[in-house]
DNA sequence: CTCCAAAGGTATGTCTACGAGCCATTGACG
DNA sequence: CGTCAATGGCTCGTAGACATACCTTTGGAG
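Protein chains in written order, with the numbering used here: chain V, 43 to 274; chain D, 43 to 274.
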């Protein structure tokens, strides 16, 4: 029997209760920029169906987001729950998990996604989407950079056509962002990052998996080094 | 708003109820060979703690495994729940999920794991473990090959030192195995597979990430082609 | 101006899962 | 040969999550 392997398989079956998990998901969709400020979340009934959770639980989760000013709800037809402009609490000051764990998984998933995206056949819509996200990220302000950056990286994962891979990247990015929220984001880094994004997307659109992978690896190494430096 | 990205983020928060999830985990530990036939599962109380689930739920899960002859329980000190030799139902005839989804995620995770394992610093215990799993797989019979193969691949993931990556590989392997259970496993494939394992492990032990990745990619391509052929 | 579809808001009974405790059994050790 | 620690077996009350149903608000369509 492999003692060590048990740790991976006999880990907790559920991350938290249904309420906490739901809050986490909605937070992800906001923090990763999937639903931008001013935009509307899906209706409570739709969320309940999509998330596989009762509407009561969805409402409790939304309520907790309201109390922290992340969203506002309006009644009536054409109402809904809307994302607010300001994100009040950038980081709840969480404990750093295993840094190596997060960075290793992120590197594996994202370099793999870049390679797979470049190796697959992209439709016109996906090509346009990638270019649009690249443009958004490169023209974004410092304040909203993290969100635009995440949207770009998520778009790359989506381009692989694997929903599981996309979900895994989203999850991994949330964990990485929790750490990144604790270190400064500087203009020079941002410019460098944009250049790297450019190279990654170009390689993907050109169908060059090897270059896409390498470019993504270099891109991730940058923040990985920063994190290792700041958080030691 | 990126419509497509919502599909990844607004997926169900929980795979099933606590009972089903627990059964699934215990099945994984048996099917992937983490707990071999004749060996004992952790005690009910320990499983309850590790899996973050009540002991009642653990017992219900174990009971359902008992009814399918996967395990037997003995009372008293030095008792416990033991894995049976024969696995009665190789495949419950499940529906094939998205083949592309499974194979893409598996390729990303496992090639990434091989590369990371080769790039990291391996302790003596881990090196011995890898060699032992390789030996086990190469000398195994056809009947137990799938299990020994999984243990080897899990050991590679463990060698990265990332628990999350190991867990992801385990999950991904279960999904892939469900598909592989529907296609024949032939002696020639097995010999070829063993040669590839040899090359993968050698590269990892030699600290050659590029070769490790490539060898793993070729290894996975084999079964991927088989699957695509058989399941179209 | 009226209607009504679609959204959020509320209430209730049911069922799952949990925690906590106790019982029954077993085999090694003194 | 008795003790006892650790295991599986069992019960019961509580809390979380559920499905379902209905109410209230809103603004565009007719």
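Where is the CB? At the ideal position from N, CA and C, for every residue including glycine. All values derive from a computational prediction rather than experimental measurement.
With fewer than three CB-CB distances shorter than 8 angstroms, the stretch 138-151 of chain V does not count as touching the stretch 95-104 of chain V.
With a minimum length of 3 residues, the unbroken runs of beta strand (DSSP E) contained wholly in the stretch 68-144 of chain V fall at 113-116, 122-125.
Residue 177(V) is positioned such that its CB atom lies no closer than 8 angstroms to that of residue 193(V). At a cut-off of 8 angstroms between beta carbons, residue 176(D) makes no contact with chain V.
Among the CB atoms of chain V, one or more fall inside 8 angstroms of the CB of residue 95(D).
Using a Cβ distance threshold of 8 angstroms, residue 218(V) and residue 156(V) do not count as a contacting pair. Taking C-alpha positions only, residue 220(V) is separated from residue 226(D) by approximately 45 angstroms. Among the residues facing chain V, residue 195(D) is not included, as its CB has no counterpart in that chain under 8 angstroms away. Rounded to the nearest whole angstrom, the CA to CA distance from residue 187(D) to residue 259(V) is 35 angstroms. At a beta-carbon threshold of 9 angstroms, the residues of chain D lying near residue 154(V) are 146, 147, 149, 150, 151, 153, 154, ordered along the chain. For a Cβ distance threshold of 8 angstroms, residue set 203, 204 of chain V lies close to residue 142(D), ordered along the chain.
A contact is defined here as three or more CB-CB pairs under 8 angstroms, and the stretch 243-253 of chain V fails this definition with respect to the stretch 202-210 of chain V. Within chain V, the residues whose beta carbon sits less than 8 angstroms from that of residue 63(D) are 55, 56, listed in sequence order. For the pair of segments examined, the stretch 160-169 of chain V was found not to touch the stretch 108-126 of chain V: the number of CB pairs separated by less than 8 angstroms stays below three. Beyond the five residues adjoining it in sequence on each side, residue 125(V) comes within less than 6 angstroms, by CB distance, of 72, 77, 79, 81, 113 in the same chain, given in chain order.
Residue range 205-222 is occupied by the alpha helix (DSSP H) that includes residue 212(V).
The beta carbon of residue 67(V) falls within 8 angstroms of a beta carbon belonging to chain D, placing the residue at that interface. In the three-state reduction of the DSSP assignment, residue 263(D) falls in the helix class. Residue state for residue 64(V) is assigned as helix, using DSSP reduced to three classes. Nearest in C-alpha terms to residue 231(V), of all of 197(V), 55(V), 180(V), 62(V), is 180(V).
At least 8 angstroms separates the beta-carbon of residue 167(D) from that of residue 50(V). In this structure the stretch 52-64 of chain D does not lie against the stretch 195-203 of chain V, because fewer than three pairs of beta carbons, one per stretch, are closer than 8 angstroms. Straight through space, the alpha carbons of residue 228(D) and residue 183(D) are spaced by roughly 11 angstroms. Under the Cβ criterion of 8 angstroms, residue 254(V) is not counted among the residues facing chain D.
The C-beta separation of residue 52(D) from residue 93(V) comes to about 6 angstroms, placing the pair in contact by the 8 angstroms criterion. Residue 142(D) and residue 262(D) have their alpha carbons spaced roughly 13 angstroms apart. The shortest C-alpha to C-alpha distance from residue 269(V) to any of 146(V), 91(V), 171(V), 90(V) is the one to 146(V).
At a cut-off of 8 angstroms between beta-carbon atoms, residue 172(D) makes no contact with chain V.
Using a Cβ distance threshold of 8 angstroms, residue 266(V) and residue 241(V) do not count as a contacting pair. Per DSSP, residue 182(V) is not a residue of any alpha helix (DSSP H), being assigned neither H nor E. Among the residues of the stretch 88-118 of chain D, those with a Cβ less than 8 angstroms away from any Cβ of chain V are 89, 92, 93, 94, 95, in the order of the chain.
A check of alpha carbon separations from residue 185(V) across 171(V), 90(V), 121(V), 127(V) identifies 127(V) as the nearest. Contact with chain D is absent for residue 166(V), since none of that chain's Cβ atoms lies less than 8 angstroms from the residue's Cβ. Assigned with DSSP and collapsed to three states, residue 57(D) falls in coil, not helix or strand. Per DSSP, residue 235(V) is one residue of the alpha helix (DSSP H) stretching across 229-248.
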